[in-house]
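Undergrad:
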Amino acid sequence: MPEHAPPSVPELDQMEHDALDFFRTYEEDIQLILRNPRLLMEGEEWKNFTAFIAYLDSALAKSTLPRETLLFRGMGREIAGSFLFMLDMKAEKGEGGVFTDLIPHIIRDPGYTILSTDPETILQELPGDEWETRVVFACLGRPGDTAIVLDEEAGEVLYPRNANWVTTGATTVLIDQTPVVVIGIEMAGCGEEIA
């Protein structure tokens with residue numbers, strides 16, 4: 482039975498610890514650069530950035546999930562509608578619709594993937610009014626998955642960059658009278674070099 486508990490932190494050297502701390506502080510900026518490397522590639526900071534990424538990748542390589550863990554990630558309003566359209570799903574206003582016959586889509590993120598063990602926190606952080614459909618990814622982290630605890634208290638788990646996730650199905654549920662589309666995903670590879 483999957484648990485809602487993050488993996489433990491492995492033995493890391495000082496540079497790997499520093500890289501994790503730096504990521505915790507500057508996550509949005511780091512993700513932006515990984516998703517748009519041209520923002521920094523021509524600058525003199527590029528060498529330092531790639532060295533930092535190497536330490537963060539090394540920290541991740543040393544850590545794995547010890548057991549099955551249910552993980553979640555919310556999807557912002559700006560892309561939720563487009564994503565549902567791409568999957569050919571309508572935002573349902575009620576419960577029910579299980580979409581296991583979805584054509585699988587690959588979602589590739591050049592940044593790191595942050596998932597949470599706490600679905601309540603994910604739902605609270607989603608924007609929108611109470612009648613707007615919200616979209617959440619759910620995946621079953623498996624023992625041996627490369628991942629590291631980013632924030633133990635918040636249940637945040639960091640997966641490697643350049644992850645390929647495959648959609649496996651979806652359903653719509655009502656949580657406190659709010660429709661939530663839950664899309665199942667599985668990891669299908671990761672970890673290529675940055676530009």
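In this text, residue positions in the sequence shown follow my numbering: the first is 482, and each later residue adds one.
Think of the CB as a built atom: it goes at the ideal place given N, C-alpha and C, for glycine as much as any other residue.
Nothing here was measured: the structure is a model prediction, and the numbers come from that model.
1. Would you check if the stretch 633-651 and the stretch 584-599 touch, i.e. whether three or more CB-CB distances between them fall below 8 Å?
2. Would you call the stretch 520-532 and the stretch 644-657 in contact, with 3 or more CB pairs under 8 Å?
3. Whole angstroms is fine: what's the gap from Ile665's alpha carbon to Glu549's?
4. Taking C-alpha atoms, which residue in Ala500, Arg558, Gln495 and Leu493 lies nearest to Val616?
5. Tell me where the beta strand (DSSP E) around Glu679 begins and ends.
6. Contact between the stretch 538-547 and the stretch 505-512 is defined here as three or more beta-carbon pairs at a separation below 8 Å; is this criterion met?
7. Look at the alpha carbon of Gln512 and the alpha carbon of Gly592, and state the distance between them as a whole number of angstroms.
8. Identify which residue in His586, Phe553, Gly555 and Pro547 has its Cα closest to the Cα of Phe566.
9. If you draw a straight line from the alpha carbon of Phe530 to that of Tyr536, how long is it in whole angstroms?
10. Near Trp527, which residues of its chain fall below 6 Å by C-beta distance, leaving aside the five closest residues on each side in sequence?
11. Could you give the first and the last residue of the continuous beta strand (DSSP E) run that contains Glu667?
12. The alpha helix (DSSP H) that contains Leu513, what's its start and end?
13. Around the C-beta of Ile629, are 16 or more other C-beta atoms found within 10 angstroms, so that it is buried, or is it exposed?
14. Opposite Ala651 in the DSSP bridges: which residues?
15. With burial defined as no fewer than 16 other Cβ atoms inside 10 Å of the residue's Cβ, what is the status of Leu655: buried or exposed?
16. Check this for me: beta carbons of Thr614 and Pro547, under 7 Å apart or not?
17. Using only alpha-carbon positions, find the residue among Asp657, Asp502 and Glu497 that is nearest to Asp632.
TA: Judging by the given coordinates:
1. Verdict: yes, contact present.
2. Here the stretch 520-532 does not lie against the stretch 644-657, with fewer than 3 beta-carbon pairs under 8 Å apart.
3. The residue you asked about is not Ile; residue 665 is Gly in the sequence shown. Each residue's alpha carbon lies about 15 Å from the other.
4. Val616 has its Cα closest to that of Arg558, out of Ala500, Arg558, Gln495 and Leu493.
5. Absent from the structure is residue 679, since the part of the chain shown begins at 482 and ends at 676.
6. With a cut-off of 8 Å, the stretch 505-512 and the stretch 538-547 do not count as touching, because too few Cβ pairs lie within range.
7. Straight-line Cα distance between these residues: approximately 5 Å.
8. Nearest option by C-alpha distance: His586.
9. Answer to the nearest angstrom: the Cα atoms are 10 Å apart.
10. So the qualifying residues of the chain are Leu521.
11. Per DSSP, the continuous beta strand (DSSP E) segment holding Glu667 begins and ends at Thr659 to Met668.
12. Start and end: Gln495 to Arg516.
13. Buried: at least 16 other Cβ atoms inside 10 Å.
14. Ile664.
15. Classification of Leu655: exposed, given that the 10 Å Cβ count is below 16.
16. In this structure, Pro547 does not lie closer than 7 Å to Thr614 by Cβ.
17. In terms of CA proximity to Asp632, Asp502 leads the group Asp657, Asp502 and Glu497.
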